[in-house]
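Protein chains in written order, with full-length UniProt numbering: chain W, 1 to 117; chain L, 1 to 117.
Just so it is clear, CB atoms sit at the ideal spot from N, CA and C, and this is done for glycine as well.
Number of protein chains: 2
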Amino acid sequence: MIANKTFDLGTAAGILKLLGDKTRLTMVKIVSENECCVCEFVDLFDMSQPAVSQHLRKLRDSGIVKERRKGQWIYYSLNTSYPYYSFVLQIIKDLPSQHYRVEELEAQGNRVTCCDE
Amino acid sequence: MIANKTFDLGTAAGILKLLGDKTRLTMVKIVSENECCVCEFVDLFDMSQPAVSQHLRKLRDSGIVKERRKGQWIYYSLNTSYPYYSFVLQIIKDLPSQHYRVEELEAQGNRVTCCDE
DNA sequence: TGCTTATATAAGTATATACTTATATAATGA
DNA sequence: TCATTATATAAGTATATACTTATATAAGCA
Chain W
1 MIANKTFDLG
11 TAAGILKLLG
21 DKTRLTMVKI
31 VSENECCVCE
41 FVDLFDMSQP
51 AVSQHLRKLR
61 DSGIVKERRK
71 GQWIYYSLNT
81 SYPYYSFVLQ
91 IIKDLPSQHY
101 RVEELEAQGN
111 RVTCCDE
Chain L
1 MIANKTFDLG
11 TAAGILKLLG
21 DKTRLTMVKI
31 VSENECCVCE
41 FVDLFDMSQP
51 AVSQHLRKLR
61 DSGIVKERRK
71 GQWIYYSLNT
81 SYPYYSFVLQ
91 IIKDLPSQHY
101 RVEELEAQGN
111 RVTCCDE
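Laid out in structure tokens, this is it:
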């Protein structure tokens with residue numbers, strides 16, 4: 001683990017608390033494999049848009065994920081320059097891949113064309 | 001990661017939620033290095049006995065830690081046969097060692113003589 | 001410009017959580 | 001047996017959390 005200057009137990013607990021919610025943990029696993037936008041999460045989780053938005057806000061505020069606006073859409077991805085990125089990666093690396101869910105979305109034609117640049 | 005038959009995201013999130021509390025995360029790190037009894041935790045955390053007991057209960061109920069009675073004392077330690085032990089270990093392994101805190105306790109003469117068998 | 005779509009925020013609410021104090025259980029030892 | 005020590009549990013409470021609905025912001029397009 002590199003560049004974790006102030007990696008105390010309080011910091012670690014804060015990260016674990018954020019990841020200790022099934023929705024957010026799944027979100028983080030997803031964006032570690034595929035850049036994803038809010039409306040796709042709404043589809044994937046069958047959850048209201050504000051609920052999704054509020055979870056993403058927590059993850060963004062902490063620095064775990066980052067956003068990128070592309071027209072109307074805002075894409076979320078794992079923030080590789082997050083100071084505790086390696087800690088996050090360590091936690092999610094062995095979790096079951098969620099790539100198939102994004103593929104399903106794509107098969108249904110519900111994926112936003114985000115890969116066209 | 002071995003023997004995690006039903007290691008889905010819900011299970012993982014549940015574990016992370018338990019560890020996502022500074023007190024419990026510290027407890028788990030401590031018992032990964034030293035077997036410890038309740039009254040020692042009370043000293044270490046400067047916290048009420050019931051509060052400590054309730055945190056330990058959550059950790060024990062989940063299976064993360066195990067207990068061993070020795071006379072009046074109940075010693076807690078990391079449960080190495082917990083199905084998700086390797087996941088827990090992966091999370092805590094790089095956290096700052098808490099061994100010095102137990103040593104301080106010992107220096108103050110506040111350590112229960114638990115190693116006399 | 002006005003309409004639509006995507007996303008964020010605000011405010012309210014029900015439930016979960018981490019404590020508190022009081023009490024129960026269990027082991028030790030006089 | 002009774003007192004002491006260690007621990008657990010029960011019940012109450014204040015705060016945190018994850019939603020809800022309503023509304024605001026922002027971009028694209030007719």
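Just to confirm, are residue i and residue j a CB contact at a threshold of 8 Å?
i, j, result
"L/L25", "W/A13", "yes"
"L/I15", "L/V88", "yes"
"W/P95", "W/S62", "Note on residue identity: the sequence assigns Leu, not Pro, to residue 95 of chain W. It is not a contact, given that the beta carbons lie outside the stated cut-off."
"W/G20", "L/K22", "no"
"L/K52", "L/I92", "The residue you asked about is not Lys; residue 52 of chain L is Val in the sequence shown. Not in contact: L/V52 and L/I92 (Cβ atoms no closer than 8 Å)."
"W/Q90", "L/Q90", "yes"
If you drop the 5 nearest sequence neighbours on each side, which residues of the same chain put their C-beta closer than 8 Å to that of residue i?
i, result
"L/C114", "Unreliable positioning characterises L/C114 in this predicted model, as indicated by a pLDDT of 40, which lies under 50. The coordinate reading is nonetheless provided below. Only E35, C37, K70, W73 and Y75 meet the Cβ criterion."
"W/E33", "S97, Q98, H99 and V102"
"L/K58", "L18 and R24"
"L/M47", "T23 and F41"
"L/F49", "The residue you asked about is not Phe; residue 49 of chain L is Gln in the sequence shown. Answer for L/Q49: V38, C39 and V42, listed in chain order."
"W/R60", "K66, E67 and Y76"
Check the C-beta distance from residue i over to residue j and give it rounded, since I have them as a contact under 8 Å.
i, j, result
"W/L78", "W/V31", "5 Å"
"W/F7", "W/Y84", "7 Å"
So, at 7 Å on beta carbons, what are the nonlocal neighbours of residue i in its own chain, with the 5 sequence-adjacent residues on each side left out?
i, result
"L/E117", "Only weak support exists for where L/E117 lies, its pLDDT of 32 falling under 50; the value from the coordinates is given anyway. Excluding residues within five positions, none has a Cβ falling inside 7 Å."
"W/F45", "T23 and V52"
Once the 5 residues before and after residue i are set aside, which same chain residues still bring their CB inside 6 Å of it?
i, result
"L/R68", "Y75"
* Residues within the segment 9-39 of chain W neighbouring chain L, beta-carbon criterion of under 9 Å -> L9, G10, A12, A13, G14, I15, L16, K17, L18, L19, G20, D21, K22, T23, R24, L25, T26 and K29
* Contact set between the segment 90-106 of chain L and chain W, restricted to residues whose Cβ is under 7 Å from the partner -> Q90, I91, D94, L95 and P96
* Asked: What beta strand (DSSP E) runs, 3 residues minimum, are completely inside the UniProt domain "HTH arsR-type" (4-103) of chain L?
  -> 65-70 and 73-78
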